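For reference, the structure is listed below as structure tokens.
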Amino acid sequence: MAILMASGGDRQDDLVSRLTQRHQLTEQPARQMISTMIDKGLFVESEPSAAEQQARRLRADWEARDWFAAAQYQLQTNDYPYVDYSRGGFVTDRQRMDRYGAERPDTDRSKRYDQPLESVELPGARELPRLGPITWRPPSRARRVVFDELAPLLSLVFGKTGELRVPWPNSAPLFLRTSPSNGARHPIEAYLLNLTMDGLNPGWWHIRWDQPALDRITGPISEADATGLLPGAFGWGPARPAAVLLFTIVFSRDMYRYREPRTLRAVYLDAGHLIGMAELVIGSGGFLTFSHDAVDAEACSEQLGLDPLGEGCMYTMAIAAR
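This note's numbering applies: residue 16 is where the sequence shown begins, and numbers increase by one.
This is the structure in structure tokens:
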């Protein structure tokens, strides 16, 4: 803990102060810990370099805004040796992928529940009629959210539109969607919670996009329980949702390809592309959408049977009638 806190360089008095404030140590044990680190050669007393001084300023500035974790991430990854694609990086990248494929097959492309309560097929994204330019047209009358109207829009957002074969060994083809993904990894999964939408049984449904379908995982959930699970979908939006989408990240799917700190950034870019596409397509279909990041990740993981270290809850989008 002390090594991590001092990794960017720090004055002894400042480090003692930070240890006592954040970790409930008294001053004497904190100073003894630092002395032990110096004796064992884990801490080195020296004049700070210009880079160390800059790191100190950044950390102090960010931590003053309660961005402690963000400051640590920035400092720890700032000088990571990323591949330079302007200087032979593509050769290095191919060699890495050949090695990864030889060590372990790259076959994780989509998720499937083995024994869902029921399944409902969706039209394939490539089988849908050409929609032309997507434009918003206000409905002529108030209406309820109906699954038959939402289903083709879900296919356009989440369905597979094609495949991309890869040259490295022991790898399944990558999938393509209507939204882009770093390396076509598509680490984002989605779940639909039906509350009052007509034409589909209420409860949680997993959106299976390799062969477009919905797999029901749970029975009905009350609106009060749904509000506790997904507070961002209730209260702040323009209407009471009939259904809610939950977006999650399967970390290993992206990390197989990108084994570096930048992976954390890549999955958020992927989520942004997919959520933006969902808002555009579903909103253009005449529905109201409202997105928010307020999710009770622990409770949702328990209800959906997710391992939070393997698949993390990320974002929610409410769907309502105009």
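All residues carry an ideal CB built from backbone N, CA and C; glycine is no exception. For clarity, every value in this text was computed on a predicted model and none was experimentally measured.
Reduced DSSP secondary structure (H/G/I, E/B, other) of residue i
i      : result
TYR88  : helix
GLU78  : helix
TYR329 : The sequence shown places Met at residue 329, not Tyr. Here MET329 sits in strand by DSSP.
THR176 : coil
LEU57  : coil
GLU164 : helix
PRO153 : With a pLDDT of only 49 at PRO153, under the threshold of 50, the placement of this residue in the model should not be trusted, and no figure is reported.
ASN93  : coil
ALA21  : coil
ALA335 : strand
SER170 : helix
LEU73  : helix
SER9   : Outside the displayed span of the chain (16 to 337) sits residue 9, for which this structure offers no information.
Among the options, nearest to residue i - alpha-carbon criterion
i      : options                        : result
THR304 : ASP113, THR107, ARG37, LEU165  : LEU165
ALA248 : ASN209, LEU279, THR233, ALA281 : ASN209
GLU204 : VAL106, TYR88, LEU289, PHE105  : LEU289
TYR283 : ALA187, TYR128, ASP269         : ASP269
ASP213 : MET112, HIS307, ALA257         : ALA257
VAL161 : GLY301, MET329, VAL296         : GLY301
SER196 : ASP285, VAL98, PHE58           : ASP285
ALA335 : LEU260, ASP311, PRO246         : LEU260
ASP25  : GLN68, THR263, ASP54           : GLN68
ARG72  : GLU60, GLY56, SER61, GLN89     : GLN89
TYR115 : TYR271, VAL265, GLN318         : TYR271
TRP251 : GLU275, GLU78, TYR273, HIS307  : HIS307
ALA199 : TYR273, SER299, THR35          : TYR273
MET329 : THR211, GLN36, THR263, ARG80   : THR263
GLU118 : PRO184, TYR206, GLY325         : PRO184
MET5   : PRO63, THR92, SER186           : Nothing in the structure corresponds to residue 5, since the chain is present only between 16 and 337.
VAL265 : GLY298, LEU215, GLU275, PRO202 : PRO202
ALA241 : ILE232, TRP219, ARG231, ALA254 : TRP219
LEU168 : LEU132, LEU207, PRO182         : LEU207
PRO131 : MET20, ALA45, PRO323, ILE222   : ILE222
GLU62  : GLN27, ILE232, PRO182, GLY56   : GLN27
PRO182 : ASP108, ARG127, PHE173         : ASP108
PHE58  : MET20, GLN36, GLN91            : MET20
ALA135 : SER125, ASP163, PRO323         : Sequence inspection shows Val at residue 135; the Ala mentioned does not correspond to that position. Per the Cα distances, ASP163.
ARG318 : LEU244, SER64, GLU133          : In the sequence as displayed, the identity of residue 318 is Gln instead of Arg. Per the Cα distances, LEU244.
N- and C-terminal bounds of the beta strand (DSSP E) containing residue i
i      : result
ASP230 : 228-231
SER125 : Taken as a continuous stretch (DSSP letters only), SER125 belongs to no beta strand (DSSP E), as it is neither H nor E.
SER134 : 133-136
LEU303 : 302-307
Residue i at chain B interface by Cβ criterion, 9 Å
i     : result
LEU90 : Among the protein chains of the structure shown there is no chain B, as only one such chain exists.
Residue i - containing alpha helix (DSSP H), residue span
i      : result
PHE266 : 266-270
VAL181 : Careful: VAL181 lies outside any alpha helix (DSSP H) and carries neither H nor E.
SER316 : 312-319
VAL31  : 27-38
SER299 : 278-299
MET112 : 104-118
The ligand MN heavy atom lying under 8 Å from the CB of residue i
i      : result
ARG337 : In terms of ligand content, the structure shown is empty, and the ligand MN therefore cannot be addressed.
Of all the beta strand (DSSP E) runs that stay within the bounds of the segment 186-262, which reach a length of 3 or more residues? 189-191, 203-209, 218-223, 228-231
Are at least three pairs of beta-carbons, each pair with one atom in the segment 39-52 and one in the segment 24-31, less than 8 Å apart? yes
Does the pairing of the segment 126-140 with the segment 226-245 give three or more beta-carbon distances under 8 Å? yes
Should the segment 192-200 be regarded as contacting the segment 167-183, the criterion being three or more beta carbon pairs within less than 8 Å? yes
Given 8 Å as the limit, is there contact between the segment 267-281 and the segment 311-323, that is, 3 or more CB pairs closer than that? no
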